[in-house]
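Residues in the sequence shown are numbered consecutively from 1227, following the numbering used here. Don't be surprised by glycine CBs; every beta carbon is placed ideally from N, CA and C. As the structure is a computational prediction, the values presented were derived from the model and not from experiment.
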Amino acid sequence: MIHPVIASSLTLGAASLFGSALGFIVKKIPHKWNDIFLGYCAGMMLAAAIVCLAMPAVESAGHAGLWQVALGMAAGAVLISLLDMVTPHLHNLTGLDAEEHHHNASLNRVLLFVIAIAIHKLPEGMATGVAFDGSSLANAETLSLSIALQNIPEGMVVITPLLVAGVKMWRALVVAAVVAGLEMAGVFMGYWVASLTETLLPMLMSMAAGAMLYVISDEMIPETHAHGYQKPATFALVAGFITLLFIE
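The following block contains the structure:
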């Protein structure tokens, strides 16, 4: 029987590659459906951050350790924020918005794209790995499933702008493989770090939750509200949140 952490890593990687494969087929994603897909995934990730990470962290820490949860969530958000300051935003590199980080303008576009995606993928994988060292295997599996589903439309968003920009197919395949590999590695990194000491587990889980909340608020929701389809995207977010609750 495959170890749950290995199974989770393979699932996340396969979902990301599947989304990339769809990107090669579809070539262009209409704004409306892109926003609906991302809204749905944002809702699932929001519920997963709360139900699968934040609440188990609170239960594990107890009343006396709630400061760990608060500090961990703040630290997770600040960490991703600092990383985000030195890399371009995901929605800028998809070519959908005009925002640009000018101090990075001279760098290779493909390299910037890989860095930007890595900022999001590695913490996602680590969040899943940390959850697998918690008290509930079901919570970890639910979180893994929510991120895997989110990886499919995100994989399409990764590949499509590369092809539109004229990047050769084999180079786009390498980018897709690197992105999937980073998230898979993140799962093992998160599990390894969390297994070192149970004392830090509540803080690590809350850090993962804080990082996910930052990505949802700073990247996913603004992207879904930037093209005039905020209503269907909002309902999709609610549907995604409800879906995760039913899965849980």
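Residue environment analysis places Gly-1288 among the exposed positions, since fewer than 16 neighbouring C-beta atoms fall within 10 angstroms of its C-beta. Look at the beta carbons and you see the segment 1350-1367 touching the segment 1426-1437: at least three pairs across the two are nearer than 8 Å. Under a 10 Å Cβ-count criterion, Met-1395 is classified as exposed, with fewer than 16 other Cβ atoms of the shown protein chains found around its own Cβ.
Restricting attention to Thr-1237, Met-1271, Lys-1457 and Pro-1230, the CA atom closest to the CA of Glu-1445 is found in Met-1271. By the CB criterion at 7 Å, Phe-1467 and Ala-1241 fall outside the cutoff.
Taken through DSSP and simplified to helix, strand or coil, Phe-1414 comes out as helix.
Sorting Pro-1458, Gly-1239, Ala-1406 and Ala-1465 by C-alpha distance to the C-alpha of Ile-1262 places Pro-1458 at the top. Shortest Cα-Cα distance from Ile-1232 to any of Trp-1418, Phe-1414, Leu-1471 and Met-1429 involves Phe-1414. Secondary structure note for Ser-1307: its alpha helix (DSSP H) is the uninterrupted segment 1292-1311.
The residues Ile-1385, Leu-1389, Met-1395 and Ala-1398, in chain order, have a CB closer than 8 Å to that of Phe-1250 in the same chain once the five nearest residues on each side in sequence are set aside. For the pair Leu-1463 and Gly-1265, the CB atoms are nearer than the 7 Å cut-off. Residue nearest to Leu-1236 within the set Ala-1403, Val-1277 and Thr-1469 is Ala-1403 (criterion: CA-CA distance). With a minimum length of 3 residues, there is no unbroken run of beta strand (DSSP E) contained wholly in the segment 1231-1291. Annotated as distal: Met-1433 and Leu-1279, with beta-carbon spacing of 7 Å or more.
Across the set Met-1311, Ser-1421 and Leu-1238, the C-alpha of Leu-1238 shows the shortest separation from the C-alpha of Leu-1369.
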